[in-house]
Each structure stands twice: as structure tokens, then as C-alpha cells.
Amino acid sequence: SRGASAAAPTARLAALVSMVGFCEQQQRLRRKKRSARAESVVLGGALGCGMCCGRIALETPRGEGQDKKGKAPSSALAAAPAPVTLAYGAKSLFDAMPKLWLQKDVRKAMREEKHPWIYDRALHQLKEEPASGAVVGVVFKKDFIAVGFYDPASPLRVRLLTWGYELPDERWAARVAAEAADRRRNDKRLQRCSGIRLLNGETDWMPGLVMDAYNGIVVVACDGDACEAFWLPKLNAILRAFIAAGFGLTCAVRKGSGEPLWFVDSKAGPPGVSVFEENGAKFEADVANGHKTGFFLDQRENRRSIRGLASGKEVLDLFCYTGGFAISAALGGATRTTSVDQAAKAIEACQRNFKLNGFDAEIVQGSKAQSGAAHSLHVGDCFDFLEEAAARGRLFDVVVCDPPSMAPSEKTRGRALNAYDKLNALSLAVVRTGGLLLSCSCSSHVHAKDLRKVVLGAAEQAGRKVTIEREDRAGSDHPLRKGFPQGDYLQALYVRVHD
18 SRGASAAAPT ARLAALVSMV GFCEQQQRLR RKKRSARAES VVLGGALGCG
68 MCCGRIALET PRGEGQDKKG KAPSSALAAA PAPVTLAYGA KSLFDAMPKL
118 WLQKDVRKAM REEKHPWIYD RALHQLKEEP ASGAVVGVVF KKDFIAVGFY
168 DPASPLRVRL LTWGYELPDE RWAARVAAEA ADRRRNDKRL QRCSGIRLLN
218 GETDWMPGLV MDAYNGIVVV ACDGDACEAF WLPKLNAILR AFIAAGFGLT
268 CAVRKGSGEP LWFVDSKAGP PGVSVFEENG AKFEADVANG HKTGFFLDQR
318 ENRRSIRGLA SGKEVLDLFC YTGGFAISAA LGGATRTTSV DQAAKAIEAC
368 QRNFKLNGFD AEIVQGSKAQ SGAAHSLHVG DCFDFLEEAA ARGRLFDVVV
418 CDPPSMAPSE KTRGRALNAY DKLNALSLAV VRTGGLLLSC SCSSHVHAKD
468 LRKVVLGAAE QAGRKVTIER EDRAGSDHPL RKGFPQGDYL QALYVRVHD
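In this note's numbering, the protein residues as written are 18 to 516.
Spelled out as C-alpha cells, the structure:
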């Protein structure tokens, strides 16, 4: 019949539609898998830092204070700034903005993890390059993803600032700075400290910008010319946000030169040295020419720990710089401290810091020289000093080994691990039975698991039985940020030596 003849094609059509739907579903699944594989390849180099052997840089490494999934506690994380609603008609600003086009579809990872770096190899080539520090939009096809500033001189081509349609202007900078100020103002661990890291770059959501304050004097460090071009015009707004939060800031200078960048009182001259306090200790910071910004603020909590462990102990501070650990130990009641650094100017500053805290310290030239002073400062090579001390049978109750970064790039990582291995073996050889080694690494190329492996291997090499009692990180004014493991750069292991 006519009805029966019409039913057959209808059934065939329904079957065909069902088959097409199934095929489309399978194609979507295949595309999803391909996209996931593409992200896993691209993100290691495109959004990662190149510091992790091409691994995806999208998860905070697990360490002390983190849960079983490797997540840091909320108090240790700097939350992303709250988004601002776009004003009507403001989208035209973004339409006129220079655009950079992603080669791969990594939008999901960019939006969820908010890693702040994009490398040049992740982007299509440009016909016309934006200016250094210019604000640019990052796009995949027709999808506007994020806003950052452009660096033509670095393979790290874009540092991302906002996600979606939010303009990173002075008002935005002041708001993000105010959030960073609130985190520090409410931190009980910083209440007795006038040396504070105000901004820690990427982990405070202000990539490339570091600001340390020493008793009101701010040292500003920008990571390259593009960072300077973007951040310096916003410096006044940023500093005013900290002042509004209760921070007594008087001036700001450029790292490495002391060049004045900002003053409350324009009649004041540029400072060279600032004396600040840290949990009852006094230190000077060379804000014009010192290492980093003048002091190693990131080790604050570890200095506090050594002070609490030092009573009645003999303490060795290797790579002492200006004496942070040794002076903390002396204030904690150490019977004797020995500080070693090959930089004569650092040792001279160390002597001044001892005096600031009410102690006399004797400077000794050379790693083989000996001193009968309660606090001796040796100008010499730390490796040579350790070998000489072991040859003489000299032992210490506490040894602090905090070398400068030995792995400035991923290419030097292997050589650095060998150096760490030798250094830790030499250090363990001069620790008394029952004593403690504090072994540190400040390179993002050397992870916590690397340092643990180094220390345990060095113990076997030195013939010592050890237990890693505790692991620590940088101070609370150096926050972590989800999706940015490069910010977790400082590793500190407390190693007990049993025999």
C-alpha cells in the first residue's frame, strides 16, 4: 500500500540519521582526544617555562603542607583577582588591540589554569610586531582569550595579565596591588618584620614585577625592558595602593643601580643602605648594589627555625652572604658561629650586621685560616673550607648550606645536581652525630624530589645515616599560585644526622 511504501524509506532515513549521529559522536570524541594530546604537547613549551624538561607546567608540585593530590592549602595560594564587569561599549578597546594568534587550541588550559606565560613557538608569526611592553590580546580563531604584554626580545613572548575582556590599566594594577597588600597586612608572620616582599611577580598576579621594601625603601626589579615599559608607568598607582593599606613607604629605587623611581619627599636624596628588622634581628640591605634586591627575604622562616634550634650549638653558615643565618643563630644562643663566603664585601657587611645585633665578629682571610673568636667570618671558597675542616676533624652541631642558584638554565641542571651532590656530601662530613644539616636549593630547575635524592645519595657517599625530618619553602610573602610550579623555587630540607 501507499502507507507501507512510505514507511520503508522513513525507516531507512531514521537508520541513516542514527548512523550519522553516531559517526558525528565518534568524530567529536576523536577530536577531543586529539585536542587533549595537542594540549599536552603544546603546553609544556607554549605555556610552560621550559624549566621542566618539556613537562606540562600546570600543577603545583606536591610538598609539605599540601594534600594527597598535591594541592597547597588555601592560605598558601594567592587567589586570582576577581574579574571586573565590562562597561557598555568598552569592547571596542579590545577590537583595536594588537592580536596574537595561537597555533594550537589550548583555550581550556589557559582559562582553567591561568598559566601566565606564552612562548614564541606557540604563536603564529606576525606581519607587524607590537612594541616592547605593548598590551596585546591572545586569540584562537575568533575566540578572544586573554590580555598580556608583549616582549619581542624574549622567547617568553607574552606575560598574561587578565583573562577575558578586562583592560590591565592603572586602576586594574592598583586593585591587584591592593589585594597583595591585604594578604601581607593580615599575615601574622610578617608583623615583626620591616623587610617584606610586597610583590612577587607572577605569584601575586603581576608577572615580571618584584618589589621588596626595606623599612620603607622599595627596590623595584623588572624582568627585562618589556616589563619596565609596561609596569613603570603604573608604579605610582601600585605604591599608592600599598600606602592606602597602611604600609609606610618613602621612596622606590631601581634594582642594581639605586636610581630613584618614586619619592614621597622629592627633596630626599637616593638611599644606599637601609637597616630593617626581622623578628627581633637587625640587618642592613644594600638597596643600590646588593644581590637580588639587597637581602634574601625568602629565607625568613628558615632563619627563624635556625634561631630556635641554635641554643648551645656550634653553627656553620655556608654561602653566608651578609650573615642572615649566623646572626639568627647567635641571637638564638649559639655558643659559636662560623660564616663562609668568597665575597669580601659580603663578609664586611656580615661583620656590620653582627655589630648591629650586639656581637663582635672577626674577619679571617682564606678557607684554611682558623680563628678563636666566638663569631668568625671567613673570606674563602666553601668547598675548600669544608675539605679543610674535614681534614682537621672539625665538626659542627648545625650546618646551613644555602648556595646561590647552580642551575640558571635547564641545560645546566645536570652539572648543578653533581655540584649539589658534592656539596652536600662535604657538608654532611662535618656534622656531629645527632646534628642537623639545613640543605637548600633556590633554582626552579631543581625540584624538591631532586634535592631529596641528592641529599640521600650524598649521605651514602659520606657514610652517614640520615633522616629528612622536615621540608620547607620560601616565606609567606612569596606566595604560591595554582598552575605555576615555577613559583615554588626554594627548597629547604632539615636533615638529621644519626651517625
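For every residue, glycine included, the Cβ atom is placed at its ideal position computed from N, Cα and C. Being a predicted model, the structure only gives us computed values, none of them experimental.
Exposed or buried, which one is residue i when buried takes at least 16 other CB atoms within 10 Å?
| i | result |
| --- | --- |
| A28 | Note that A28 has pLDDT 44, beneath the 50 cutoff, so the model's placement of it is unreliable and no number is given. |
| K144 | exposed |
| R432 | exposed |
| R209 | exposed |
| G87 | Summary for G87: the model assigns pLDDT 39, below 50, so the residue's position carries little reliability, and this model does not support an answer. |
| N435 | exposed |
| N203 | exposed |
| A446 | buried |
| E295 | buried |
| Q382 | exposed |
| Q387 | exposed |
| V357 | buried |
| G504 | buried |
| E477 | exposed |
| G218 | buried |
| D221 | buried |
Run through DSSP, which three-state label would residue i get?
| i | result |
| --- | --- |
| A509 | strand |
| R498 | coil |
| D229 | strand |
| L412 | coil |
| Y182 | coil |
| A74 | In this prediction, A74 scores a pLDDT of 27, lower than 50, which makes its location untrustworthy; the coordinate-derived value is nonetheless stated afterwards. Three-state result, A74: coil. |
| S52 | Model confidence at S52 stands at a pLDDT of 47, short of 50, so the residue's coordinates are unreliable; what they give is reported in the following sentence. S52: helix per DSSP, three-state reduction. |
| V447 | coil |
| P250 | helix |
| F166 | strand |
| L64 | Caution applies to L64, whose pLDDT of 38 falls short of 50 and renders its modelled position unreliable; the value that the coordinates give is listed next. L64 falls in the coil class under three-state DSSP. |
| N358 | Reading off the sequence shown, one finds Asp at residue 358, where the question assumed Asn. Three-state DSSP puts D358 in a strand. |
| L13 | Coverage of the chain is limited to positions 18 through 516, which leaves residue 13 absent and any answer about it impossible. |
| V235 | strand |
| L438 | Reading off the sequence shown, one finds Asp at residue 438, where the question assumed Leu. Looking at D438 - three-state DSSP - the assignment turns out to be helix. |
| S328 | coil |
| C268 | strand |
| F342 | helix |
In whole angstroms, what separates the C-alpha of residue i from that of residue j?
| i | j | result |
| --- | --- | --- |
| F259 | A442 | 45 Å |
| L497 | L94 | 5 Å |
| F501 | A195 | 21 Å |
| E365 | I380 | 8 Å |
| R72 | H392 | Low per-residue confidence applies at R72: pLDDT is 24, beneath 50, and the placement is therefore not dependable enough to give any value. |
| K121 | T179 | 20 Å |
| M114 | E146 | 12 Å |
| A465 | L473 | 12 Å |
| L249 | P133 | 19 Å |
| S458 | P420 | 7 Å |
| A243 | Y182 | 22 Å |
| A575 | K372 | Here the chain covers residues 18 to 516 and nothing more, so residue 575 does not appear. |
| L507 | G492 | 9 Å |
| G212 | L314 | 7 Å |
| A475 | R481 | 9 Å |
| L256 | R214 | 13 Å |
| F312 | K158 | 46 Å |
| A254 | A190 | 7 Å |
| A89 | A96 | Note that A89 scores a pLDDT of 41, beneath 50, so its modelled location is shaky and nothing firm can be said. |
| D398 | Q142 | 48 Å |
| I135 | T429 | 23 Å |
What distance in whole Å lies between the Cβ atoms of residue j and residue i, which are believed to be in contact at a cut-off of 8 Å?
| i | j | result |
| --- | --- | --- |
| A363 | T339 | 6 Å |
| T310 | D229 | 4 Å |
| R324 | G349 | 4 Å |
| P185 | V155 | P185 to V155, Cβ: 13 Å. No contact. |
| S291 | N232 | 5 Å |
| R176 | P224 | 4 Å |
| A15 | A198 | Within the shown structure, residues of the chain are numbered from 18 to 516, placing residue 15 beyond reach of any answer. |
| T354 | A343 | 4 Å |
| V236 | V281 | So it is not a contact: roughly 16 Å between Cβ atoms. |
Skipping 5 residues on each side, what residues in its chain have a beta carbon closer than 8 Å to that of residue i?
| i | result |
| --- | --- |
| T450 | V514, H515 and D516 |
| P288 | I234, C268, V270, G275, V304 and A305 |
Residues in its own chain within less than 7 Å of residue i by CB, not counting five upstream and five downstream?
| i | result |
| --- | --- |
| L140 | L117, W118, L119, Q120 and R174 |
| A327 | A346, G349, G350, A351 and V415 |
| E404 | L443 |
| K131 | A97, W180 and G500 |
| V385 | Note that residue 385 is Lys in the sequence shown here, rather than Val. Counting only Cβ-Cβ distances below 7 Å, and skipping sequence neighbours, we find E405. |
| A151 | P115, F166 and Y167 |
| L529 | An answer regarding residue 529 cannot be provided, because it is not within the stretch 18 to 516 covered by the chain. |
Output needed for residue i: all residues of its chain with C-beta closer than 6 Å, excluding positions within five of it in sequence on either side, in chain order.
| i | result |
| --- | --- |
| V463 | A424 |
| A509 | N319, C457 and D489 |
| V448 | V416, L454 and V514 |
| A378 | Q368, F371, H392 and L394 |
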